[in-house]
Structures are given as structure tokens and as C-alpha cells.
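A short write-up of the structure that comes next.
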Amino acid sequence: MADCWIALTTLSSREQAEQLAEALVAERLAACVNVLGPVASIYRWEGKVARDEEVLLLIKTTKTGVAPLQTRVLELHPYDTPEFLAFEVGSGSAGYLDWVVDSVASARPDEAEP
Numbered sequence: 009m010a011d012c013w014i015a016l017t018t019l020s021s022r023e024q025a026e027q028l029a030e031a032l033v034a035e036r037l038a039a040c041v042n043v044l045g046p047v048a049s050i051y052r053w054e055g056k057v058a059r060d061e062e063v064l065l066l067i068k069t070t071k072t073g074v075a076p077l078q079t080r081v082l083e084l085h086p087y088d089t090p091e092f093l094a095f096e097v098g099s100g101s102a103g104y105l106d107w108v109v110d111s112v113a114s115a116r117p118d119e120a121e122p
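This is the structure in C-alpha cells:
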């Protein structure tokens, strides 16, 4: 079984979410990012219950990719305290899981930027 993980984060707009998703895939930190929403987020912040519309990202990566993915999400994310949660995928189709692992692997020499 390939060792795939799914990470979650939310952003305040679809534009921000798509920009982050594209960066993560381009940098091979994610094989695929689903952009969902808007979703209603109800949470406690600074002692008050807040409600906002956000866009949810479902980010597919690998176990070894989680730490660099988290670092990059925190660098690029506009929130002071962004959500970043990561979960191991228990099972899935072998072909898809292998594709995730291959997609997140280090850039190949023929893909290196000039």
C-alpha cells in the first residue's frame, strides 16, 4: 500500500485557494488539490464564536511530503493561524495511490527549471 496522506486547509476566497493549490502542485508538494466550497466555517476565535464562508482544500501528498507541504502552506497562507491538518489514507485504489507517490516525488532532471 502506498503511503498517501490528505491534508486540509481553508482560505477566504476561491482565488486564494486556487493560487495556493496551483503552487503546491507545481512545486510537487501535492499530486492533486481539490478546491471545494464555499463551505460554512463556525469556530471560536479570540474568545468569540465566528462564522465565515471559506474555501476548503483537500491536498493529496505522501507521508514524507507532509512536513515540507506544511512548511510551504504556512509560508504562503494569508491567515495568521491557518488550519493545517493531515491524515493518513487507510486504503484506496493501487493505481491512484501509486500516482500520488510518483507525482510528489522529487522533480526529475528533465523537469528541472533552467
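Residues in the sequence shown are numbered consecutively from 9, following the working numbering.
We put the CB at the ideal spot given by N, CA and C, even for glycine.
Assignment of P90 by DSSP, reduced to helix, strand and coil, places it in the coil class. Rounded to the nearest whole angstrom, the CA to CA distance from K56 to I50 is 10 Å. According to DSSP, residue pairing for V57 in a beta bridge involves R52. Nearest C-alpha to L66 among P76, E54, A58, E91: E91. Taking the CA atoms as reference points, W53 sits about 10 Å from R59.
In its chain, beyond the 5 residues on either side, T17, F92 have a beta carbon closer than 6 Å to the beta carbon of V81. If you ignore the 5 residues before and after C40, its C-beta comes within less than 6 Å of the C-beta of K68, all in its own chain and listed in chain order. Taking C-beta atoms as the reference points, T70 and V33 fail to come closer than 8 Å. For A15, there is no enclosing alpha helix (DSSP H); the enclosing beta strand (DSSP E) has its first and last residue at 12-19. About 6 Å separates the CB atoms of L84 and A31; that is less than 8 Å, so the two are in contact. Exposure of V47 is indicated by the presence of fewer than 16 other C-beta atoms within 10 angstroms of its C-beta. In this structure, L77 places its C-beta atom within 8 Å of the C-beta atom of A15.
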